[in-house]
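Residue numbers (the numbering used here): 3 to 73.
Beta carbons: idealized from backbone N, C-alpha and C, even for Gly.
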Amino acid sequence: MNNELVNIKLNGESKTLTGECSLLQLLQQQNYQGSHFAVAVNQTFIPRTQHDEYIICNNDAIDIVAPMQGG
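Structure follows, in structure tokens:
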């Protein structure tokens with residue numbers, strides 16, 4: 003297992019991950035469940051079907067976007 007530190011921005015907040023982590027693992031760690039959100043990495047939306055395949059890289063900017071209700 004790779005224990006290298008990975009620095010990311012998650013919704014604009016700096017975070018450091020220890021070791022290799024998939025996007026799905028990160029979402030689970032941050033308690034994002036269900037299907038009511040979308041995820042963009044470096045301003046590119048990642049399809050839900052690829053969350054487990056995408057390995058987070060150093061300096062990735064990850065934005066989790068949930069729909070807002072209102073009028």
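- Within the same chain, Cβ atoms closer than 6 Å to the Cβ of Leu19 are found at Val8, the five residues on either side in sequence being excluded.
- Taking a C-beta distance under 8 Å as the contact criterion, Ser24 and Asp54 qualify as a contact pair.
- Separation of Asp65 and Val41 (C-alpha to C-alpha, rounded to the nearest whole angstrom) is 6 Å.
- Between the alpha carbons of Gly14 and Gln52 lies a distance of about 22 Å.
- In this structure, the straight-line span from the alpha carbon of Glu22 to that of Ala63 is close to 16 Å.
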